[in-house]
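Just so you know, the protein sequences line up as chains A and B, in that order.
Quick note on the working numbering: the first sequence kicks off at 38 and runs consecutively.
Quick note on the working numbering: the second sequence kicks off at 38 and runs consecutively.
The beta carbon of each residue, even a glycine, is placed where N, CA and C say it ideally should be.
Bear in mind the structure is a predicted one, so any value in this text is a computation, not a measurement.
Below: one structure, written as structure tokens.
2 protein chains.
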Amino acid sequence: MTQQAFQDYYPDYFSHCYGCGRLNEHGLQIKSYWDGDETVATYTPRPYHIAVPGYVYGGLIASLIDCHGTGTAAAAAYRAAGREMDTEPPLRFLTASLHVDYLRPTPLGVPLEIRASVKEIKGRKVVVSATLSAQGEVCAQGEVIAVQVPEHMLPGLRGEGEQDQRQDG
Amino acid sequence: MTQQAFQDYYPDYFSHCYGCGRLNEHGLQIKSYWDGDETVATYTPRPYHIAVPGYVYGGLIASLIDCHGTGTAAAAAYRAAGREMDTEPPLRFLTASLHVDYLRPTPLGVPLEIRASVKEIKGRKVVVSATLSAQGEVCAQGEVIAVQVPEHMLPGLRGEGEQDQRQDG
Chain A
38 MTQQAFQDYY PDYFSHCYGC GRLNEHGLQI KSYWDGDETV ATYTPRPYHI AVPGYVYGGL
98 IASLIDCHGT GTAAAAAYRA AGREMDTEPP LRFLTASLHV DYLRPTPLGV PLEIRASVKE
158 IKGRKVVVSA TLSAQGEVCA QGEVIAVQVP EHMLPGLRGE GEQDQRQDG
Chain B
38 MTQQAFQDYY PDYFSHCYGC GRLNEHGLQI KSYWDGDETV ATYTPRPYHI AVPGYVYGGL
98 IASLIDCHGT GTAAAAAYRA AGREMDTEPP LRFLTASLHV DYLRPTPLGV PLEIRASVKE
158 IKGRKVVVSA TLSAQGEVCA QGEVIAVQVP EHMLPGLRGE GEQDQRQDG
């Protein structure tokens, strides 16, 4: 795909996330894209992302749905506002709730496709539905309720983040 | 605590889980214990388990609730059957659904306490409620619906698992 991933538009402060931050070298670094009115991300679990031998760990599946869901919420909010994702102020979302139904065991060793669509945008809240598939078969479905980080918190959070990073580093 | 953790009773086949398997050197290796009628696990996230600077990644929180939930389901099933956890056949549970409400940002750098209780045991299904707290404050609450792996699947799964492990190794 020639599009830039949603996550590659995030300001540095929001790019440390273990699931989707481009600056987190230990993390999953998932990348989400538009595909018409849906969004899609692909991730191939590592051999140690195991539940029982041969199958993917459910916590990883939840993580993929979570990060692809908040990324989708951000992209949809920009689209609804008629804005490009690299314009200020940044529209970023945090997860208020996450629900995952595990429909069948997810095979390990193949790419997983996470697809999402926006079920509702209402004020600062975006509800995202997602599926996770392996080899064309839906293995899990989920819903993310994402809430926009208030603009007035962004500079405060940024300052706090820089302080915390110094403590970590 | 002088108890042995639930996860340390799991047969080897069930001990590769990224969240709680004692044999997964890359994983979280959480340990769950009885505390009266509740269960408890403690986990200190690593610095890279970050959402935004200073706060814990939501996918990790979901993972901790998931694995502590299925561990609690197993322990409760043994207790309900009046059996010790090291008796055969093993009672093991998989997650059918996972729900997490993120109530407030979870601070990074301190131990997290995951507490769970059994809401319902009905047939092969156990519903577990859980909270995740930092410094005495509940940051997330969740529910895990866990379903027992059928006994007749255990030998088949074990065989399949050994084959898959050879492929991985």
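Taking a 10 Å sphere around the C-beta of B/PRO82, we find 16 or more other C-beta atoms and assign the residue as buried. Contact of B/HIS86 with chain A by beta-carbon distance below 7 Å involves TYR55. By the rule that beta-carbons nearer than 8 Å mark a contact, A/GLY64 touches chain B.
Taken in chain order, the unbroken stretches of beta strand (DSSP E) that lie wholly in the segment 71 to 132 of chain B and span 3 residues or more are 75 to 80. Identification of chain A residues near B/PHE51 by a Cβ-Cβ cut-off of 8 Å yields VAL89, ordered along the chain. Among the CB atoms of chain B, one or more fall inside 8 Å of the CB of A/ALA133. Residues of the segment 171 to 192 of chain A that bring their beta carbon within less than 7 Å of a beta carbon in chain B are absent altogether. Between the alpha carbons of B/SER166 and A/LEU97 lies a distance of about 20 Å.
Taking 8 Å as the CB threshold, B/SER69 stays off the interface with chain A. DSSP places A/GLN172 outside both helix and strand once states are collapsed to three, so it counts as coil. Put simply, of A/ALA99, A/VAL164, A/GLY108 the residue whose alpha carbon is nearest the alpha carbon of A/LEU149 is A/ALA99. When the beta-carbon positions are compared, A/THR76 and A/VAL181 stay at least 8 Å from each other. A/ALA183 is bridged by DSSP to A/THR132, A/VAL163. In this structure, B/CYS54 and B/CYS104 form a Cβ contact; the two beta carbons are roughly 7 Å apart against a cut-off of 8 Å. For B/ARG152, DSSP records a beta bridge to B/VAL77, B/THR168. By a beta-carbon distance limit of 8 Å, A/TYR50 contacts B/VAL89. Their separation comes to about 6 Å.
CA-to-CA, the gap between A/ASN61 and B/ALA133 works out to about 30 Å.
The beta carbon of A/ARG59 lies closer than 8 Å to those of GLN44, ASP45, TYR47, SER52, GLN66 in the same chain, with the five residues before and after it left out.
A/SER166 is outside the set of residues whose beta carbon lies under 8 Å from a beta carbon in chain B.
The contact set of A/VAL137 on chain B, defined by CB atoms closer than 7 Å, consists of SER134, LEU135 in chain order. Rounded to whole angstroms, B/GLU174 and B/ALA113 show a C-alpha spacing of 26 Å. Comparing C-alpha distances from B/PHE130 to each of B/TRP71, B/GLN40, B/VAL186, B/TYR70 shows the shortest one belongs to B/VAL186.
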